[in-house]
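This report concerns only the one structure given below.
2 protein chains.
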Amino acid sequence: MRILGVDPGNALTGYGVIEREGASRYVAAGTIRPHAAARGPTRLAAIYDNLIKLIDQYSPAVISLERSFVALNIQSAFTLGEARAMAMLAAAHRGLELFEYTPTDVKLSVAGYGRADKRQVKQMVRRTLKLDPAIALADDASDALAIALCHLYRERIPRPEPRVRKAWPTARKIAAACGS
Amino acid sequence: MRILGVDPGNALTGYGVIEREGASRYVAAGTIRPHAAARGPTRLAAIYDNLIKLIDQYSPAVISLERSFVALNIQSAFTLGEARAMAMLAAAHRGLELFEYTPTDVKLSVAGYGRADKRQVKQMVRRTLKLDPAIALADDASDALAIALCHLYRERIPRPEPRVRKAWPTARKIAAACGS
């Protein structure tokens, strides 16, 4: 099973694809960087269109998305909501399940510590995925891989009280129910 | 020229299409109401897919969108940003120009008073568009028509210091510049 992790941001959107085959394996990671002049609609289209391309290229089964509940201010929450919506829409349009995790969930799963910093998370991502040192990893790409790993851990470890947060029912199931 | 006004909301999204041919003319209006069980990705897909259908059916030249800069709280700003992003993406995907106006802009243009209430706005929308009393008009649909009218007024009245807020450059132009 392949997992596409997405770290939506106001400027850049990180993505990371991992695969579970026994151990977890790195497939791809990078950053969606809309043209500097692209604002509003064009910026969002760059995010959505590239996510759709990634889904069609790597065929993930699910999208794992970071959902922060905090923002610097209302304006930044609006912009972040817009970017996040692109991942949600791409999931719905390709019939993928979407799971959402808070930044603390992600850090706890990957680095064992909910307040781990970016450097610690990147170190653990590299170690866990046995990443070749030759592979450069931007911060947003590393965060996206961590978000994908978070879903993999939460799915793999059954708990008496399940900690998997299945945020939304299968998009495809609901789409059918809606007749859309 | 046809204008599609969109009033994105957390639950419902209003739309209204008007046409300028000498006077302004009502074409259509209504509410996009995702299935009650639809949440997250499916809710957003219902908004986006229906906006695309409306654009293909009515061929507007521009989208006029309400951009509020306030929200009850951060969470509501996230959700509202998600809904608004659907109109922005639909504009980019269909190569339409997008204009954004604040609620005060809209009320001022349509009712001549920036703090007009919903009833007053609806009354002025009905009067301006000479709406047949037989046509029922939901609040969100009336708001969307007001947003469309706001763009029409701002475009029609040339001012020394133009008050048309062309929020984003033509999506199509930028898309070309991005090579996407």
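Respectively, the protein sequence lines represent chains A and B.
In the numbering used here, each residue's number is its place in the first sequence (first place is 1) plus 1435.
In the numbering used here, each residue's number is its place in the second sequence (first place is 1) plus 1435.
Backbone N, C-alpha and C define an ideal beta-carbon position, used for all residues, glycine too.
Fair warning: this is a prediction, and the values are worked out from it, not measured in the lab.
Subject >> Distance, I1487/B Cα to L1447/B Cα >> reply: Near 16 Å, if we compare the C-alpha coordinates of I1487/B and L1447/B.
Original post:
Among residues of its own chain, excluding the 5 on either side of G1449/B, which ones have a beta-carbon nearer than 6 Å to its beta-carbon?
Top reply: D1442, T1466, D1575, A1576, D1578, A1579
Subject >> Other residues of its chain near Y1548/B: CB distance less than 7 Å, five sequence neighbours each side excluded >> reply: K1542
Original post:
Residues of chain A with CB under 7 Å from E1501/B, in chain order?
Top reply: The premise fails here: E1501/B is roughly 12 Å from chain A at the closest Cβ pair, so nothing lies under 7 Å.
Original post:
Counting contacts by CB-CB distance shorter than 9 Å, is R1519/B in contact with chain A?
Top reply: yes
Subject >> Beta-carbon contacts of Y1632/A that lie in its chain and below 7 Å, excluding the five residues immediately before and after >> reply: Residue 1632/A lies beyond the range of chain A shown here (1436 to 1615); nothing can be said about it.
Original post:
What three-state label does DSSP hand S1544/B in the structure shown?
Top reply: helix
Original post:
Measuring CA to CA, which of A1518/A, A1473/A, T1539/A is closest to H1586/A?
Top reply: In terms of CA proximity to H1586/A, T1539/A leads the group A1518/A, A1473/A, T1539/A.
**OP:** Give the C-beta separation of L1564/A and S1459/A to the nearest angstrom, bearing in mind that I take them to be a contact with Cβ-Cβ under 8 Å.
**Re:** Indeed they touch by this definition, with Cβ atoms about 6 Å apart.
Original post:
Should R1554/B go down as buried or exposed, given a rule of 16 or more other Cβ atoms within 10 Å for buried?
Top reply: R1554/B is exposed by the Cβ-count criterion.
Original post:
Helix, strand or coil: which one does DSSP assign to G1516/A?
Top reply: helix
Subject >> Within chain B, partners of A1569/A - CB distance below 9 Å >> reply: None at all; the shortest Cβ gap to chain B is about 29 Å.
Subject >> Start-to-end residues for the beta strand (DSSP E) that takes in G1458/A >> reply: Before going further, note that residue 1458/A is Ala rather than Gly in the sequence given. Counting along the chain, the beta strand (DSSP E) containing A1458/A begins and ends at 1458–1467.
Subject >> Residue(s) in a DSSP beta bridge with F1504/A >> reply: BP columns for F1504/A are empty, so no partner.
**OP:** Give every residue of the same chain whose Cβ lies closer than 8 Å to the Cβ of A1496/A, excluding the five residues on either side of it in the sequence, and list them in chain order.
**Re:** So the qualifying residues of the chain are M1436, R1437, I1438, L1531, E1532.
**OP:** At 8 Å on the CB atoms, spell out the chain A contacts of L1479/B, in chain order.
**Re:** For the C-beta of L1479/B, the chain A residues within less than 8 Å are, from N- to C-terminus, A1520, M1523, L1524, A1527.
Original post:
Between which two residues does the beta strand (DSSP E) containing I1438/A stretch?
Top reply: 1437–1442
Original post:
Whose CA, out of D1552/B, A1527/B, R1550/B, lies closest to the CA of A1490/B?
Top reply: Going by the sequence as given, residue 1490/B is Ile instead of Ala. For the residues D1552/B, A1527/B, R1550/B, the minimum Cα distance to I1490/B belongs to A1527/B.
**OP:** Kindly give me the distance between the Cβ atoms of A1583/B and G1440/B, rounded to whole angstroms, as I take these residues to be in contact under 8 Å.
**Re:** 3 Å
Original post:
Among residues of its own chain, excluding the 5 on either side of Y1588/B, which ones have a beta-carbon nearer than 8 Å to its beta-carbon?
Top reply: S1544, V1545
Subject >> Buried versus exposed, by CB contacts within 10 Å (16 or more), P1597/B >> reply: Interpretation of P1597/B is limited by its pLDDT of 35, a score under 50 that renders its predicted location unreliable; no figure is taken from the coordinates.
Original post:
Which partner residues does T1448/B have in the DSSP bridge list?
Top reply: I1467/B
Original post:
Does DSSP put R1550/B in a helix, a strand or coil?
Top reply: It is coil, neither helix nor strand.
Original post:
In chain order, what residues of the same chain have a beta carbon less than 8 Å from the beta carbon of I1453/A, not counting five sequence neighbours either side?
Top reply: Only R1437, I1438, G1440, S1459, R1460, Y1461, V1462, L1564, L1580, A1583, L1584, L1587 meet the Cβ criterion.
Original post:
Beta-carbon of G1516/B versus every beta-carbon of chain A: anything under 9 Å?
Top reply: So yes, G1516/B belongs to the interface.
Subject >> Host beta strand (DSSP E) of L1486/A (start-end) >> reply: Premise fails: L1486/A lies in the alpha helix (DSSP H), 1475–1493, not in any beta strand (DSSP E).
Original post:
What's the C-alpha gap between Q1493/A and A1480/B?
Top reply: Inspection of the sequence shows that residue 1493/A is occupied by Tyr rather than by Gln. Roughly 22 Å between the two C-alpha positions.
Subject >> Own chain, CB closer than 6 Å to N1485/B, minus 5 neighbours either side, in chain order >> reply: I1467
Original post:
Thinking just about the alpha-carbon of each residue, which of A1506/A, T1514/A, S1499/A is nearest to the one in S1503/B?
Top reply: Ranking A1506/A, T1514/A, S1499/A by Cα distance to S1503/B puts T1514/A first.
Subject >> Paired residues, beta bridge with I1453/B - DSSP >> reply: I1438/B, Y1461/B
Subject >> Spatial distance of P1593/A from P1568/A (CA atoms) >> reply: Low per-residue confidence applies at P1593/A: pLDDT is 47, beneath 50, and the placement is therefore not dependable, though the value from the model is reported in the following sentence. Their backbone Cα atoms lie some 33 Å apart in a straight line.
Original post:
Which partner residues of V1497/A appear in the DSSP bridge assignment?
Top reply: I1438/A, E1532/A
**OP:** Give the interface partners of Y1483/A over in chain B, defined as CB-CB distance under 8 Å, in chain order.
**Re:** L1524
Original post:
Out of curiosity, what's the CA-to-CA distance linking A1506/B and A1512/B?
Top reply: 5 Å
Original post:
Cβ of H1470/A within 8 Å of any heavy atom in the ligand SAH?
Top reply: Ligands are entirely absent from the displayed structure, and the ligand SAH is therefore not among its contents.
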